[in-house]
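Numbering (our numbering), first residue to last: 10 to 210. Glycine included, every Cβ here is placed at the ideal spot set by N, Cα and C. The block underneath contains the structure these notes are about, expressed in structure tokens.
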Amino acid sequence: MMLGKREVSMAKVSQAGAGKYSHHYPRVAAIVTVHAGGKDNCMTAAWHSSISVNPPLFGVSIAPKRFTLELILEAKEFGVNFMPIEKAELVASVGGISGREGDKFQRWGIEKEKPLKTSVPILKDAYACYECRLVDHKTYGDHVWVVGEILASHFERELFTGEQALNLERVSPALYLGAELYTIPAKDTIRHLDRKVYGKR
Numbered sequence: 010m011m012l013g014k015r016e017v018s019m020a021k022v023s024q025a026g027a028g029k030y031s032h033h034y035p036r037v038a039a040i041v042t043v044h045a046g047g048k049d050n051c052m053t054a055a056w057h058s059s060i061s062v063n064p065p066l067f068g069v070s071i072a073p074k075r076f077t078l079e080l081i082l083e084a085k086e087f088g089v090n091f092m093p094i095e096k097a098e099l100v101a102s103v104g105g106i107s108g109r110e111g112d113k114f115q116r117w118g119i120e121k122e123k124p125l126k127t128s129v130p131i132l133k134d135a136y137a138c139y140e141c142r143l144v145d146h147k148t149y150g151d152h153v154w155v156v157g158e159i160l161a162s163h164f165e166r167e168l169f170t171g172e173q174a175l176n177l178e179r180v181s182p183a184l185y186l187g188a189e190l191y192t193i194p195a196k197d198t199i200r201h202l203d204r205k206v207y208g209k210r
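Structure follows, in structure tokens:
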């Protein structure tokens, strides 16, 4: 059977609007961190994306009610920590309570490492992390799109290939499916498809 080809044709449902709005999942679960006013805080995010290579810009969509957003706007910087599936419980825990209710780092014994260019907490359990300087934020609908320039990156070298692609034989990123469900990518379905080759077909 060819990868990506369904054996049985299934009827698609057409509807007005976005519905449950989770059809674009799975997304790599990340923990956004910030330090402001002597406080460390963090939140879970699935809505995040690279924006530009030069300069290296990364964006995160955050609800206005989030304490983390308040601190990011104060600190003018934030961190994005990408988590392995083994830490899915931590990802869910961090996303289930507000930083206004207490110190999340203390509550769950979250270990930190020293940042390079900012004051944002770098999570020891993350397989990769970006330190970002806030360059813009704008409200779109019911969320705020926070944009940062990546000033430093941290990653576990042995978990990446020579081309710095994530090595799924060594780490399984926590993928969020929506509805409080987490999964991992299937390691045996990786295919190298050179765009220069396939673009000439």
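Could you tell me the boundaries of the alpha helix (DSSP H) in which residue i lies?
i	result
L99	A97 to V103
A84	F76 to A84
Y207	R204 to Y207
F114	K113 to R116
What do you reckon, are the CB atoms on residue i and residue j nearer than 8 Å?
i	j	result
A183	A54	no
G88	T42	yes
A161	E189	no
E45	L80	What sits at residue 45 in the sequence shown is Ala, not Glu. Yes, these two residues count as a Cβ contact at 8 Å.
L177	I199	yes
Y30	L186	no
R179	E158	no
D151	A72	yes
V103	I40	yes
P93	S181	yes
E165	T127	no
I106	K121	no
In this structure, what does DSSP give as the bridge partners for residue i?
i	result
Y149	H152
L190	G187
T198	None; T198 has no bridge partner.
L132	K121
G157	F67 and L143
R36	Y185
G88	T42 and E140
Of the choices the options, whose alpha-carbon is the least far from that of residue i?
i	options	result
F114	K48, S61 and G88	K48
V69	T170, R109, V155 and E172	V155
N90	V153, H57 and P194	H57
P124	G118, W117, A137 and R116	A137
E95	K209, D197, Y191 and Y207	Y191
L66	P194, H146, F169 and D197	H146
V100	A135, R210, R109 and K74	A135
L82	T148, R204 and R116	T148
Which of the three DSSP states is assigned to residue i in this structure?
i	result
I106	coil
E140	strand
L168	helix
M10	Since pLDDT at M10 reaches only 37, below the 50 mark, its modelled position is unreliable, and the value read off the structure follows with that caveat. Looking at M10 - three-state DSSP - the assignment turns out to be coil, as it is neither helix nor strand.
R179	coil
H163	strand
Along the chain, where does the beta strand (DSSP E) that runs through residue i open and close?
i	result
K48	K48 to A54
G68	L66 to I71
S59	H57 to S61
I94	That residue, I94, is in no beta strand (DSSP E); it is neither H nor E in DSSP.
V43	A39 to A45
Comparing the CB of residue i with every heavy atom of the ligand NAP, is any distance shorter than 7 Å?
i	result
E167	Absent from the structure shown: the ligand NAP. Ligands present: none.
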